[in-house]
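Student: Structure provided below as structure tokens; questions to follow.
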Amino acid sequence: MTISVLAVDDSRTMRDMITLALKEEEFDLHLAEDGVHGLEVLEQTAPDVIITDMTMPRLDGFGFIDAICDRAASRHTPILVLTTESADELKTRA
């Protein structure tokens with residue numbers, strides 16, 4: 001069974017690193033450039049897991065996660081937060 005992953009990050013470098021890391025294991029990988037784009041991708045696919053950055057343009061990771069939780073189809077999808085932010089309050093909120 002192939003595992004479907006949605007990775008949302010505004011950094012091209014991070015998206016490339018995620019692609020490189022998951023490519024060898026043949027994950028069904030979907031990429032998005034920010035939270036708005038991530039929600040658009042969610043309309044087309046139902047990933048088994050979501051990886052998201054927190055600091056992104058248009059819709060940040062917190063807004064993206066809130067929107068995921070508001071959708072019945074995706075509210076139970078596991079979310080991994082991948083970020084370079086180090087502030088304790090941001091880590092706690094995530």
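Be aware that the sequence shown starts at 1, since it is given in UniProt numbering, and climbs by one per residue. Glycine is no exception: its CB is placed at the ideal position from the N, C-alpha and C atoms.
Could you check the C-alpha separation between D9 and M1 for me, to the nearest Å?
Tutor: Here residue 9 refers to the residue found at position 9 when the sequence shown is read from its first residue. Here residue 1 refers to the residue found at position 1 when the sequence shown is read from its first residue. Near 26 Å, if we compare the C-alpha coordinates of M1 and D9.
Student: Out of S74, G35, E26, which has the shortest C-alpha to C-alpha gap to F62?
Tutor: Reading the sequence shown from its first residue, position 62 is the one you call residue 62. Of S74, G35, E26, the residue nearest in Cα terms is G35.
Student: Taking 7 Å as the threshold (C-beta atoms), are R15 and L31 in contact?
Tutor: By 1-based counting over the sequence shown, the position of residue 31 is 31. By 1-based counting over the sequence shown, the position of residue 15 is 15. Contact flag set, yes.
Student: Can you say whether T52 is buried or exposed, counting buried as having 16 or more other CB atoms within 10 angstroms of its CB?
Tutor: What you label residue 52 is simply residue 52 of the sequence shown in a count that begins at 1. When all chains shown are included, T52 counts as buried.
Student: For G61, is the beta carbon positioned less than 6 Å from some heavy atom of the ligand FAD?
Tutor: Ligands displayed in this structure: none; no statement on the ligand FAD is therefore possible.
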